[in-house]
Structures are given as C-alpha cells and as structure tokens.
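See below for the structure under consideration.
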Amino acid sequence: MLDPKLHTFLLLVQCQSTTRCAELLHLTQPAVSQHIKALETAYDVKLFVKEGRRLVLTPRGQRLAQLCRRLATLDEQIVREMHQADTPTLRFGATLSIADGLMPSVLPHLVDQFPEIQFHMVEQNTHALLEQLENGLLDFALIEGNFDHRRYDYSPFFVSRFVGLCSPTSPYRVFRRLRDTLQAPLILRESGSGTRDIFEGECRAHNLAVTDYVSLCEIEHIPTLLGLVATGKGITFAYEAAARSLLAQNRLQVMELEDLQLERPFHFVCLPGSPRSELLARMAQVVTQAAETCAGAAL
1016 MLDPKLHTFL LLVQCQSTTR CAELLHLTQP AVSQHIKALE TAYDVKLFVK EGRRLVLTPR
1076 GQRLAQLCRR LATLDEQIVR EMHQADTPTL RFGATLSIAD GLMPSVLPHL VDQFPEIQFH
1136 MVEQNTHALL EQLENGLLDF ALIEGNFDHR RYDYSPFFVS RFVGLCSPTS PYRVFRRLRD
1196 TLQAPLILRE SGSGTRDIFE GECRAHNLAV TDYVSLCEIE HIPTLLGLVA TGKGITFAYE
1256 AAARSLLAQN RLQVMELEDL QLERPFHFVC LPGSPRSELL ARMAQVVTQA AETCAGAAL
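According to this note's numbering, the sequence shown holds residues 1016 to 1314 in order.
Here it is, written out as structure tokens:
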C-alpha cells in the first residue's frame, strides 16, 4: 500500500492548494502540511515553493513526484496480480507501425508459447503507450522512436530501415536526396508518433521542416496512409517493416535517398521492478525470436 503521506503529496501536486487537497482527503489543512513537512524532513529536500496562491514543485519535488507515480503504478500492478483469475490477463500495447507490420506474425508465437495467458493488445502512438505504461494500464509496450531509457527496462527486438515511400508509378520515385522530396505532397503520421519524431529529427539535421513541403496531410491510421501513397497521392516516411505487404505486392516503392540511410530498433519496454519481471523477460525473448523469424521469411 502506498504510504498515506506520499498519497497526500501526489494529490497536492495535482491540486496545488492545501485547502483543496485537505477537502478531497477529508483532512485538516494542518494535517496536509504535516504530511508534506514529514516528507521534506525524511528526504532532506524542499518539495514546494509558493507562486502567488499556487504551490509549485521544486526540481527535487518533481523528481519525487515522478518516483511516487511509479510506486503507485507498481502498487496497482501488485493488487491486480494478487487478485488475478486462474487465467491471467496480460495487457500490452504496440505502436501502429509494429501492430500492422509485425504483430500478425509475432502475436501467434506469444499465444503458442504462453497458452495460459489471455492477451489484450491496444494500438497507440509511442507517447500514448508510454503514458499508459506509467499509469499501470499496460504490462509492456512494443514501441518505435525515442524514449527516456533511464525510466524503463527495455530491450531491442527488431531493427528496421526508416525509408521514404512512394507509388512505383509516381514521378517521385526518381528523387535521390531528401531536399528533392519537398516537391511532393507529404502524408505523415500525427505528432506524438515515433515515426513522426524520427522524421522531424532527420529534417532538422538537414535544415528542413515538414512545413517546407508543398502540402502536409496527417493521418493516424497506417493502412489508410500507405493506401494513399500507393495510389500516387503523395509520399511518406516510415519504417520499412510497416509497409512489408504493400512492398511485396509492388504497390509501394522505396525511394533510395542518398542522404537518408537510417536503421532504428523497435523496443520491448516495461517498468522496472514489475511483479511480472521474470515473465516479461521471457516474453521479450519470444518477441525477439518471432520478429527475427518474420524478418527471415520476408527475405
């Protein structure tokens, strides 16, 4: 169970007011203040400073809030584990590129290797999945793109090229440099997706921006996005793994750009100290083996 003082602290972080915090906890204001003072004494830090009528976290207070949220998440996971039914449920998420490109081959391996577990999978972008992981809504996530490696246990399970894609019959297939692609309509994932983060970072490295393109269309649904590109409506930048089936059908073509030579890993990510850490480590191995088998079959 989370220490009541830490629970008070997390609520005060949200409320920014001892009065409102006391009302929600059915405590007196002095009791709330005593909880915070006890934490400051125990950890020898200052947690809040006043800005007008609001209480604002200090840098050390921000760090404690981050760690307390992690503790609250683990506490919820332990409670769920203790009340688990005979057939346990495991919740995980995959980014849309991974869900569309790899999971049709990877998920059957997980089901075969762990027949005693009921799997529940959600598809979201990288930012949303990490938030759900932090909040205890997921046991692990399969993500692309950038994340804070200090906050999670993780292992790479697949490496995919990050490429430009177009229709094989479009004039865009002759592009050879990233700057050339500015002449084409750009169809791209939404902000917050790992794909978008990678591409915008590459643009910055070339002193370019997505706003430099003749037009920009944002689409969350990967099959719809790739379908538009396949019909010649524009170009996109994505992981080659996400477009495997359309590339195999010759409905998409990779634009072999001389100054875009990227390979990026996909990661199996979970919270450190999870009560299911041993099980998750075994699952990470199965996911890696299944993804390698999937890649070998595509060659």
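Note that CB positions come from ideal geometry on N, CA and C, so glycine has one too.
Here the structure is a predicted model, which is why all the values come from computation and not from measurement.
Between the CA atoms of F1214 and R1166 - distance to the nearest angstrom: 24 Å
Assigned secondary structure, R1176 (DSSP; H/G/I helix, E/B strand, else coil): strand
Separation of V1301 from L1145, as counted between CA atoms: 21 Å
Proximity below 8 Å, CB of L1153 to CB of G1209: no
Cα-Cα separation, Y1228 to T1184: 20 Å
Under 8 Å between C-beta atoms of F1281 and S1175: One thing to note: F1281 has its Cβ within 8 Å of the Cβ of S1175.
Limits of the alpha helix (DSSP H) - the one that Y1254 falls within: That residue, Y1254, is in no alpha helix (DSSP H); its beta strand (DSSP E) goes 1251-1254.
L1125 - containing alpha helix (DSSP H), residue span: 1118-1128
Beta strand (DSSP E) runs wholly inside the segment 1242-1293, at least 3 long, in chain order: 1251-1254, 1268-1270, 1277-1285
Paired residues, beta bridge with C1181 - DSSP: Q1268
Environment of N1140 [buried if 16+ CB atoms lie within 10 Å]: buried
Residue from L1275, A1256, G1207 with nearest C-alpha to C1309: A1256
Buried or exposed (CB count within 10 angstroms, at least 16 for buried), A1306: buried
Own chain, CB closer than 6 Å to C1232, minus 5 neighbours either side, in chain order: I1202
Cβ separation of L1021 and I1051, assumed to be a contact under 8 Å, to the nearest whole Å: Actually they do not touch by this definition, with Cβ atoms about 10 Å apart.
Supposed close pair A1258, L1157 - CB separation, criterion 8 Å: 17 Å between Cβ atoms; not a contact.
R1279 versus V1178 - alpha carbon distance: 11 Å
Buried or exposed (CB count within 10 angstroms, at least 16 for buried), H1142: buried
Cβ-based neighbour list, L1040, same chain, cut-off 6 Å, excluding 5 preceding and 5 following: none
Cβ contact check for the segment 1265-1276 and the segment 1183-1197: 3 or more pairs under 8 Å: yes
Counterpart residues of I1202 in DSSP-defined beta bridges: C1232
Residue environment, Q1268, which counts as buried when at least 16 other CB atoms sit within 10 Å: When all chains shown are included, Q1268 counts as buried.
Under 8 Å between C-beta atoms of D1090 and L1017: yes
Beta-carbon gap between D1168 and P1290 smaller than 8 Å: no
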